[in-house]
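Protein chains in written order, with the UniProt record's numbering: chain A, 1 to 146; chain B, 1 to 146; chain C, 1 to 146; chain D, 1 to 146; chain E, 1 to 146; chain F, 1 to 146; chain G, 1 to 146; chain H, 1 to 146; chain I, 1 to 146; chain J, 1 to 146. From the three backbone atoms N, C-alpha and C, an ideal C-beta is built for every residue, glycine too.
Protein chains: 10
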Amino acid sequence: MSIPEITQKLLAAKQNKGLSFADLEKILGRDEVWIAALFYRQASASEEEAKLLVEALELDASYIQELITYPVKGLGPIVPTDPLIYRFYEIIQVYGLPIKAVIHEKFGDGIMSAIDFTLDVEKEEDPKGDRVKIIMSGKFLSYKKW
Amino acid sequence: MSIPEITQKLLAAKQNKGLSFADLEKILGRDEVWIAALFYRQASASEEEAKLLVEALELDASYIQELITYPVKGLGPIVPTDPLIYRFYEIIQVYGLPIKAVIHEKFGDGIMSAIDFTLDVEKEEDPKGDRVKIIMSGKFLSYKKW
Amino acid sequence: MSIPEITQKLLAAKQNKGLSFADLEKILGRDEVWIAALFYRQASASEEEAKLLVEALELDASYIQELITYPVKGLGPIVPTDPLIYRFYEIIQVYGLPIKAVIHEKFGDGIMSAIDFTLDVEKEEDPKGDRVKIIMSGKFLSYKKW
Amino acid sequence: MSIPEITQKLLAAKQNKGLSFADLEKILGRDEVWIAALFYRQASASEEEAKLLVEALELDASYIQELITYPVKGLGPIVPTDPLIYRFYEIIQVYGLPIKAVIHEKFGDGIMSAIDFTLDVEKEEDPKGDRVKIIMSGKFLSYKKW
Amino acid sequence: MSIPEITQKLLAAKQNKGLSFADLEKILGRDEVWIAALFYRQASASEEEAKLLVEALELDASYIQELITYPVKGLGPIVPTDPLIYRFYEIIQVYGLPIKAVIHEKFGDGIMSAIDFTLDVEKEEDPKGDRVKIIMSGKFLSYKKW
Amino acid sequence: MSIPEITQKLLAAKQNKGLSFADLEKILGRDEVWIAALFYRQASASEEEAKLLVEALELDASYIQELITYPVKGLGPIVPTDPLIYRFYEIIQVYGLPIKAVIHEKFGDGIMSAIDFTLDVEKEEDPKGDRVKIIMSGKFLSYKKW
Amino acid sequence: MSIPEITQKLLAAKQNKGLSFADLEKILGRDEVWIAALFYRQASASEEEAKLLVEALELDASYIQELITYPVKGLGPIVPTDPLIYRFYEIIQVYGLPIKAVIHEKFGDGIMSAIDFTLDVEKEEDPKGDRVKIIMSGKFLSYKKW
Amino acid sequence: MSIPEITQKLLAAKQNKGLSFADLEKILGRDEVWIAALFYRQASASEEEAKLLVEALELDASYIQELITYPVKGLGPIVPTDPLIYRFYEIIQVYGLPIKAVIHEKFGDGIMSAIDFTLDVEKEEDPKGDRVKIIMSGKFLSYKKW
Amino acid sequence: MSIPEITQKLLAAKQNKGLSFADLEKILGRDEVWIAALFYRQASASEEEAKLLVEALELDASYIQELITYPVKGLGPIVPTDPLIYRFYEIIQVYGLPIKAVIHEKFGDGIMSAIDFTLDVEKEEDPKGDRVKIIMSGKFLSYKKW
Amino acid sequence: MSIPEITQKLLAAKQNKGLSFADLEKILGRDEVWIAALFYRQASASEEEAKLLVEALELDASYIQELITYPVKGLGPIVPTDPLIYRFYEIIQVYGLPIKAVIHEKFGDGIMSAIDFTLDVEKEEDPKGDRVKIIMSGKFLSYKKW
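Set out below in structure tokens:
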């Protein structure tokens, strides 16, 4: 899972500036997860968004072009080895079919879009140990019949 | 992705009884996703839960033993081929590293547990098209140093 | 690539009745490719469609239930070995990135839906040798930013 | 899916010149998808085509030799991770056998050529959302018996 | 590499009748390799060919239908383990690119068809040890430009 | 399928000299396919052959040592993606078992050697389209019993 | 690694008769490893050898036909999981290239045949712990140049 | 199967000095196969062995440190593509279970060690063609019960 | 990960008798993990051990033969999908090289045997949550030089 | 299994200073295995730990930043080829299900955490050959029901 060079430079600049993704959320008006996706070149910015980011990170304007390019997506090995990312793979292995069954029951035959899609990460404070909350929201797409 | 025989029988009984997972949620006092996981033998019931389910589905009591057994989990092919399930795999490929970056920023080095974990599926009505909402909540586990 | 049992029975019944997929197109009011997808349990019928098909094939009404079930989709080996199907895989290997480049140029960042999607197979008569024409039409989905 | 160096240079030159693949279609007299395939070194140009392209992009004549070389083709990972490209893989998984069934019914035993083959990408404007139209046309090749 | 049931029955019948593939070549008027491909359901017979074979093997007429069906082709594991078959895989690994270079030099950009294709196996007697001669003949297909 | 550096230099030199593999066949007294295999470092030359080749291509004498080294062989991905090379893989998938059946019938239990082996590529002119003819000849090796 | 049914029956009969492979070595006049290979259907017997074995094991004569058939060979998973068999795989991973280097130095470019080949297993008694001795002897095959 | 840089330098030095592995056997007092394993960094030398080798090859003393390091072992692709090395893989596929059966019969449940292990390569001169003899000797290790 | 039939019968008998592996430990005089390994046919019993087990489970004496057979070992998919078993795979991915570094520092070049090996599972009670303790003990095996 | 550059520099510095992981254990107040994991960038240090290490190794302060970064974890090939590391993989293949059975019997449905986890490597002196002792301790995590 080699990290693209531009990602490394963006991360280093962000660290030098002492900015968190949450700080960038305020500057760009986009969610921190989407911004992180932009860092890893899994999303493409508008020219305006790219400029805001490049300014915030005090980077060279030449980065703008790269950030607005539509990337070839998908970062990883077939089965992720990083424990944090693997847990999401495990959730598919264990809960994939049950989720499918419940979605079909609620919506009929179709899927949850991963394109018309948002994902938030929240921290739930809990005396028994804080919890990571992931909220995904994807448009339901019915299979078209023809 | 061959469905275990017991799953097929449970699904058939549920259909004959005209029950949804949401109906079973009221009977068992467990979330519909967890119940669907039990159907696919990705979760194990207590004896009481097993009895309630077997009664609700009017199945033979011999199913109880099977439902309380701790299963060998994991259902699928390495890369899921079903479009609905694949979208979750795609989310890992595209948003896996960004999610990791944001979780680490909020919590430090560690992971979201997939064991001390809940998952809900909700229907968000939306005039532009209903949306599937997935809410995961997993305990944050810090890496122990020793 | 083991063919599901129901598919084998549907194909046998269709052959006994001397019906082509094109004949069924007229009976069901659905495209022949979609009907073939239903045969291979890659699509789910409405109750009415299932009844029409079962009647046309003079099959037992018990098939209706199975045809309206939402199937777990995806039929094949990771790389298809059948020469006809492999050619489509080859088209992805060879023309995948070029298609991506052209779609992005015409539409921006997003994808062609494979759900809000139709596919037609036509025969183009040609003195130098008939041609297979495949027409796919999928809704363009823009990446949502959030 | 590492992009060959020549591809990167061609894409950069095209961008500097502000040319789209559609613009190049007019200059070369070849379809934009074929030209994109040439960019990704999945097709080989005639010397004349190479010259036209190199001139249009104001590149060094040394590129001509490379563009007329017959490349080793196939660009990608076994299962594509890019969502746009993956959808075509999914179409094979879901509709591969149905397409095979319909082609055989219309043509007999044989395949659609991926060599004597053309592929067009069109934009279908639609008030409910524009659609991507892919038209493939491949010569039908009957299995020779001997 | 599980052998289809029909193949086993055809092979057993052939053995009972004491017939070689070369004998069947005379009866069917087709090459022995093509007939062997038919046995392994990698080729489809015309009704007449199927009848001739079924009669020669004194099998039930019900086999005819199966022999004229267009099969899903491809028999094996990804890398063949049988030493005889593996040698052909090794030839691709070792001589694949050299063959490609020579074919391109002689014919230009294109491929050898595996559909408009014949394959013969001959025995070359040789005092230093008999030799297996494989003669493949496939139509050269030029890449179509569009 | 990354081409070794020496191969690239040999191919470039051959092109600069305007020599075909068929021309080199006359100079080296070896078949063009074997020479192409030497280019791709899938064969090792004698010192004399290496000298002849280096002289013909007007290369530095330092290449001789490399050309006489016994290489680690095997060039490619597990399943070849290049369409020309893939067709040979397809031939194994489709005709592998039939070829095995016919060879065993003609020769008994054993294999065709891929070491005591020659391979020729010929152009068969044909008004319906030229054909690629591949002739392999490998010594039959009987399984030794002990 | 599913064991073929005939292997299971041969092994059971051998056990019932209280015979070791070493005992069968005396009866058949073949090495015990070759006989074990015959049991696992990785070798084919002559009719005489098959009769001797069937008699020794007091099996039905119908086994003879099966034992003289030329099998499709290769038994296992790609990487063996059984610890005893895996050690041989490990030897290839660790000593494969060194063995290649030494064989080439002693013999030139070529291979050790695995067909004109014998393999013996011996027990070396040793006060520090008995040792397994494996002796392979394969004909050296030089690469033919053509 | 990329060869480590140190291996390439050791092989080049050995060639420049005109030494065979057999020559080095006399200098180091270790078997030629073990020395070849050291070259490929599949074995680690004592300081004394490393010095002897570095002197014999007239290399810089800085190589000593690298040669005494305990390496991460295993050189190759999962299934070896080099024909010489593949034959050993084939031997596992074909004779793996038979060898297991014979070892168990002679020794009980356990394995042949690949660590307390030696491997020799010998040339057996034979008028019908020289033979490669491989002698492996590994300590038998019984499964401990606890 | 299909469980062998004998394992299912042993597990069912154990459950019917209300015995834990810890109870069987007292009866057989073997560790509970080893006994579980015997259940899953990953270990072989002596005749006496097999008898004790069969009596304790009140099973038919015919099981004895099966339990003393030396099994083909290895149970699972290449990457385990069951979360409990996967964690051990993750430990190899994350701590494999660090463990290797520490073992080499303490012992020199060699390995921990997985054959002369014991493994215990203990429950460590802990007010912050009980802990699973795994204790492995394997003989250190030095690489033999030869 | 390419070792990250920082790991190579840390290992070289450690060697130059003549320090073992056990020595570093005293300096950092962390276990030697955890420190080795830090070297291989499978663990992240606190700023204080990073400083102590950098000072002990007399490295540049610029390493501190890298050592406190949360790494993407997982080092290796899917099936490890290094013999020492492979033995742990083998233990999963052979004892994975038995361990699962015993843990479930002692603790119920859940897993051993690999995050709230420690691992020690000890040397057990033994006249019959020293033994490697691995002690893992991971918090038991019960599956949450919801």
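query: Best match in I68/H, T118/H, K106/H for proximity to I99/G [C-alpha to C-alpha]; result: T118/H
query: Alpha-carbon spacing of G18/D relative to K106/C, whole angstroms; result: 14 angstroms
query: Which listed residue (H104/F, E47/F, Q42/F, I91/F) has its alpha carbon closest to that of L75/F; result: Q42/F
query: Closer than 8 angstroms to chain F by CB, D23/H; result: no
query: Per-residue contacts from Q42/G into chain H (C-beta, under 7 angstroms); result: V94, Y95, P98
query: Cβ-Cβ distance between S44/H and Y70/H below 8 angstroms; result: yes
query: Any chain D beta carbon closer than 8 angstroms to F117/E; result: yes
query: Range covered by the beta strand (DSSP E) that runs through A114/I; result: 110-124
query: Nearest to Q15/J (by Cα), restricted to the options L52/I, A101/I, P127/I, I111/I; result: A101/I
query: V132/J - partner residues in DSSP beta bridges; result: G138/I, K123/J
query: Contacts around A22/F, its chain only, beta-carbon distance under 8 angstroms, and the 5 residues preceding and following it disregarded; result: E32
query: Nearest-angstrom Cβ-Cβ length linking K133/F and E125/F, presumed shorter than 8 angstroms; result: Wrong, their Cβ atoms sit about 11 angstroms apart, outside the cutoff.
query: Contact with chain A by G129/B, beta-carbon distance below 8 angstroms; result: yes
query: Chain-ordered chain G contacts of S46/H [CB-CB under 8 angstroms]; result: Correct list: empty, because the minimum Cβ distance to chain G is about 18 angstroms.
query: P80/H beta carbon less than 8 angstroms from that of Y89/H; result: yes
query: Proximity test, Cβ basis, 8 angstroms: T81/J and chain H; result: yes
query: Proximity below 8 angstroms, CB of A114/I to CB of I91/J; result: yes
query: Residue range of the alpha helix (DSSP H) that includes G96/A; result: 83-107
query: Listed by chain order, chain D residues near R87/C by CB distance under 8 angstroms; result: I111, M112, S113, A114, G138
query: Identity of the residue in V72/C, K73/C, L24/C nearest K51/C by Cα; result: L24/C
query: Where P83/D falls, given that 16 or more other Cβ within 10 Å makes a residue buried; result: buried
query: Closer than 8 angstroms to chain C by CB, K73/E; result: yes
query: Cut-off 6 angstroms between Cβ atoms - residues of its own chain near K139/H, not counting five sequence neighbours on either side; result: S113, D116
query: Three-way DSSP call (helix, strand, coil) for T69/E in this model; result: coil
query: Distance, S46/A Cα to I27/A Cα; result: 14 angstroms
query: Reference G96/B; option with closest CA among H104/A, I103/A, Y86/A, V94/A; result: Y86/A
query: Chain-ordered chain D contacts of D126/E [CB-CB under 7 angstroms]; result: The premise fails here: D126/E is roughly 26 angstroms from chain D at the closest Cβ pair, so nothing lies under 7 angstroms.
query: Assigned secondary structure, Q42/E (DSSP; H/G/I helix, E/B strand, else coil); result: coil
query: Residue interval of the alpha helix (DSSP H) (run including K26/F); result: 21-28
query: S20/A at chain B interface by Cβ criterion, 8 angstroms; result: yes
query: Proximity test, Cβ basis, 8 angstroms: L53/H and chain G; result: no
query: K73/J, buried or exposed, once every other Cβ within 10 Å from all chains shown has been counted against 16; result: buried
query: 8 angstroms Cβ cutoff, K144/I in contact with chain H; result: yes
query: Exposure label - W146/G; buried when at least 16 CB within 10 Å; result: exposed
query: Close Cβ partners of S137/J (< 6 angstroms) along its chain, the five nearest in sequence each way excluded; result: T118
query: Closer than 7 angstroms: G74/C CB and nearest the ligand PLP heavy atom; result: For the ligand PLP, the structure offers nothing, since it holds no ligand at all.
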